[in-house]
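If you want the working numbering, it's the 1-based position in the sequence shown plus 33.
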Amino acid sequence: MFRFKKIWHRLAFTYGIVFIMAIAIIDTSLIMFYSHHQFRKTQDLYIEVAGIVSQMADKNLKFTNFMNMSSSEENSISGRILLLDSDGMVIVDSSNQFAGSQMTNPQTRKVHATKKTSVGYYKVDKESFAMLAYPILKNSNLSGIVLISYSVGEINEEVLNFAFGVVIISLIVSVIVFIISFYLGLKIKNPINQLTQASTEILNGNTGITVDINSPDEIGTLAKTFNMMSQEIYRTEVGRKRFVSSISHELKTPLASIKALIEPFIGEENIDPLILNEHLKDIDYEIDRLTVMVKSLITTARLEEIKPVLEKFSLCEEIHRIVRILTPLAQDKEISIFVNCPTFKVNTDKSLLREVLTNLIDNGIKYGTQNGHIKINVENTSDKIYIHIIDNGIGIDAKDIPYIFDNFYRADTARSSGFGSGIGLYTVKRITEITGWNIDVKSEAGEGTEFILSL
Ligand code: ADP
């Protein structure tokens, strides 16, 4: 029916319609109730009068003195009273107009038919009046009718005044409700506008933007989620930029050195085998670097498709196996690895756990100091299994800690201490997200690092 371009217009319209309908129903009921009550009150009064008249007429069948009585009643109640016999002949008329003539109207006909009081309302020359016919019964037979006509103009006026008052009050309430709805509409409109603007900003590349909406309702929750999403996009964007710049830098360097190592031999006939061998070793080293980078890229892509497969196995045996594989690397730096692990079985994805632990222990070796140590402590509590991997290596600067799990992030200290890819901890983080595990880190530069993996 109506197409609104703005939610708050639609809400205001809906509330408005509901409110107007409610007010209309309440007003109509009130006015009808009041009108009915007023008419009924007057009608009851005249029925009472008719009752008195009928009793008097009954006792005084010849209707002597009736005229006096009826005139006095007429004065007190300002109506016109006629007394009719059972044939409709007017016996007494308080206005002395119709006495002796035949009188018939819808009310008297109804009384004849039903022997019950009948009331009708009429309008003559803009004057509204009621006609009440009251049966006089003798041994259940109709012996006469008391016919009273009285003006209802005053009641109409009272009802009209009442209706006017009700409508005025309703209008005032409507204006107040309109102002309140407008204010409530603005309260919805403003945060939605803020969210729309912020989304447009993100679309235009201004990631990380947040909105300041703290309402405790659904819009507040939406704003909170929006802020989290915006920050996540920002982090991803920063990670992407860092990745592009670092990967292009990292790729450029080995390619440039391979080129530089090959160039001296192009077109040369007398190549010194010793020098050639030296260059080939360097080229081999650079190719290794390139291989690590390419593997990292493949790992990043693979992570998106991982699905954990559960199996039961001994956690300690698995840790010892990983340590055995990494021992030659540790021995190069004369690093000792100590494992403290109670024997028990776990039901989880073995190969993912192996990947996580290998990365963490490998980092402990990579960033460990000569003659250092790595301690692997396993705690099996009632609700979780904690695996602590503690080294006494170079540690991580406080400023780097929030970023170490980001893709391709490497601390400056790490850059200067050999080459890595900045993908190991990202892999760890992604796997914990997929499996529902958790990874925590505590570290101090120069002191060492502790990773806590909880299953
Ligand atoms: P990398 O290939 O550089 O080791 P990771 O994702 O495994 O990449 O680690 C990211 C960064 O976190 C490292 O470059 C290093 O700065 C820091 N880091 C990780 N583990 C340790 C550790 N045990 N000791 C010190 N620094 C660490």
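All C-beta atoms, glycine included, are put in the ideal place defined by N, C-alpha and C.
DSSP beta-bridge partners for residue i?
i	result
Pro-168	Ile-178
Lys-345	Asn-380
Tyr-419	Glu-412 and Ser-487
Phe-371	Lys-408
Phe-37	DSSP, once it has assigned bridges, lists no residue as partnering Phe-37.
Tell me which residues share the same chain as residue i and place their Cβ nearer than 6 Å to its Cβ, disregarding the 5 neighbours each side in the sequence.
i	result
Lys-222	Trp-41
Tyr-442	Tyr-436 and Gly-455
Ser-487	Lys-417, Tyr-419 and Asn-471
Tyr-48	Ser-214
Lys-345	Lys-378 and Asn-380
Leu-513	Because residue 513 is not part of the residues shown, which for the chain are 34 to 488, the question remains open.
Asp-433	Ala-444
Ala-45	Ser-214 and Gly-218
Glu-480	Gly-428
Ile-398	Leu-362, Ala-363 and Ile-368
Taking 7 Å as the limit between beta carbons, can you name the residues of its chain near residue i, skipping five residues before and five after?
i	result
Glu-367	Gln-403 and Asn-404
Thr-319	Here residue 319 turns out to be Glu, not Thr, going by the sequence shown. These residues qualify, in order along the chain: Pro-287, Ser-290 and Ile-291.
Phe-162	Tyr-155, Ser-182, Tyr-183, Ser-184 and Val-185
Ile-242	Ala-231, Glu-234, Ile-235 and Ser-263
Ser-151	Gln-140, Lys-143, Val-144 and Ala-166
Ile-246	Pro-224, Gln-227, Ile-252, Gly-253 and Ala-256
Any heavy atom of the ligand ADP inside 7 Å of the beta-carbon of residue i?
i	result
Leu-44	no
Asn-392	yes
Ile-485	no
Leu-491	Since the displayed the chain opens at 34 and closes at 488, residue 491 lies outside it and no answer follows.
Asp-473	no
Thr-482	yes
Leu-458	yes
Ile-221	no
Ile-437	yes
Ile-427	yes
Asn-404	no
Can you give me the Cβ contacts of residue i inside the same chain, cut-off strictly under 8 Å, excluding the 5 residues immediately before and after it?
i	result
Ser-109	Residue placement at Ser-109 is flagged as unreliable, the pLDDT there being 46, under the threshold of 50; the coordinate-derived value follows with that caveat. Counting only Cβ-Cβ distances below 8 Å, and skipping sequence neighbours, we find nothing.
Asn-207	Strictly speaking, residue 207 in this sequence is Ser, with Asn absent from that position. Once the five neighbours on either side are set aside, the close Cβ partners of Ser-207 are Phe-52, Ile-53 and Ile-56.
Ser-232	Phe-259
Pro-375	Cys-349, Val-411 and Asn-413
Thr-75	Ala-163, Tyr-183, Val-185 and Ile-188
Tyr-79	Ile-110, Gly-112, Ala-163, Leu-165, Ile-181 and Tyr-183
Lys-39	Lys-222
Checklist entry - If we count Cβ pairs, one from each stretch, closer than 8 Å, do we get three or more for the segment 173-181 versus the segment 52-61? => result No: the two stretches stay apart, fewer than three of their Cβ pairs being nearer than 8 Å.
Checklist entry - Below 8 Å, can you find three or more Cβ-Cβ pairs linking the segment 192-203 to the segment 117-128? => result no
Checklist entry - Can we say the segment 406-414 touches the segment 456-476, given the rule of at least three CB pairs closer than 8 Å? => result no
Checklist entry - Hey, is the segment 304-316 in contact with the segment 341-356, meaning 3+ C-beta pairs nearer than 8 Å? => result no
Next on the checklist: Taking 8 Å as the cut-off, does the segment 266-284 touch the segment 296-303 (at least 3 CB pairs, one atom from each stretch)?
Outcome noted: no
Item to check | Unbroken stretches of the beta strand (DSSP E), 3 residues or longer, contained in the segment 122-157 | outcome: 123-126 and 151-157
Item to check | Start-end ranges of the beta strand (DSSP E) lying completely within the segment 205-250, minimum 3 residues | outcome: none
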